[in-house]
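Scroll down for the structure; my scribbles are underneath it.
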Amino acid sequence: MTFYEGLIFDIGDVIIKGTKGIECKLNLNGLSSSWFETIFVHHLNRFFVAQYSEEEFLFTIQYSLNLCEDTSSLKLIFRSYFTEIENMIHLVSNINAFYPVYLFSDHSPAWISYLDKEYYLDKIASSRDFSYERGFLKNSIEAYQHLITKYNISHPSKWLFIDDSKRNCNIAESFGFETIEFKTQTELSNEFQIKGLFK
């Protein structure tokens, strides 16, 4: 059995569906998917470091992408898109009963508030850290330096980092964390079984 001092989980596209593929729910008015992604991600990143309120973010993407939907409709579309991934809340809650679980995610205050009410995300982990609080995204080295300092992590190799982004996993590995690139709940459960995390 592998001993860990703690586990670090992403939220978007690991526990709850993130914004990947959201363009399929929008009327793009003939805009190409690649151009949508370029513009959307730019504004999403600003939203995630608290440079926009939710209303400002929705208005900005509605205007810059020339979307047919108004901001009220966009708000509902995003919220309905945020659904649980494959019973992951139950899995994370079970792990948190035996190991400290930290949520480490790029997110916004408005969306986290919604997810807490809808899925009780504030109940499934020992602690949480969000980009809108720290001021930078997880694709930056500073985010991992911040993580290590905040949680006084002296031996990253004794921590398991779970994220759907290969890039984020690579950065975490450069700091010494053991990582799992998330694919499905079934694969993750199998990995946990192999490591003896279920007691």
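For the sequence shown, our numbering assigns the number 106 to the initial residue and increments by one for each residue that follows. For glycine and all other residues, C-beta sits at the position ideal for the given N, C-alpha and C.
Asked, Found
"Taking the DSSP output, what are the residues bridged to residue 264?", "111"
"Whole angstroms is fine: what's the gap from residue 179's alpha carbon to residue 163's?", "7 angstroms"
"Assign residue 108 to buried or exposed, taking buried as 16 or more other Cβ atoms, counted over all protein chains shown, within 10 Å of its Cβ.", "exposed"
"Around the Cβ of residue 146, are there at least 16 other Cβ atoms within 10 angstroms (buried) or fewer (exposed)?", "exposed"
"Are the stretch 215-229 and the stretch 247-261 touching by the rule of at least three beta carbon pairs closer than 8 angstroms?", "no"
"Could you say if the stretch 117-126 and the stretch 150-165 meet the contact criterion of at least three C-beta pairs nearer than 8 angstroms?", "no"
"Per DSSP, which residues does residue 232 bridge with? Please list them.", "207"
"Among 207, 151, 192, 218, which residue has its Cα nearest to the Cα of residue 293?", "192"
"I'd like to confirm the pairing. Which residues does DSSP put opposite residue 117 in its beta bridges?", "121"
"What are the partner residues of residue 285, as DSSP defines its beta bridges?", "267"
"Using CA atoms only, rank isn't needed, just tell me which of 279, 232, 298 is closest to residue 111.", "232"
"Tell me which same chain residues have a C-beta within less than 7 angstroms of the C-beta of residue 130, skipping the five on either side of it?", "182, 186"
"Tell me the DSSP secondary structure of residue 174 in three-state form.", "coil"
"Note the first and the last residue of the continuous alpha helix (DSSP H) segment covering residue 294.", "290-300"
"With distances taken between CB atoms, is the gap from residue 256 to residue 207 smaller than 8 angstroms?", "yes"
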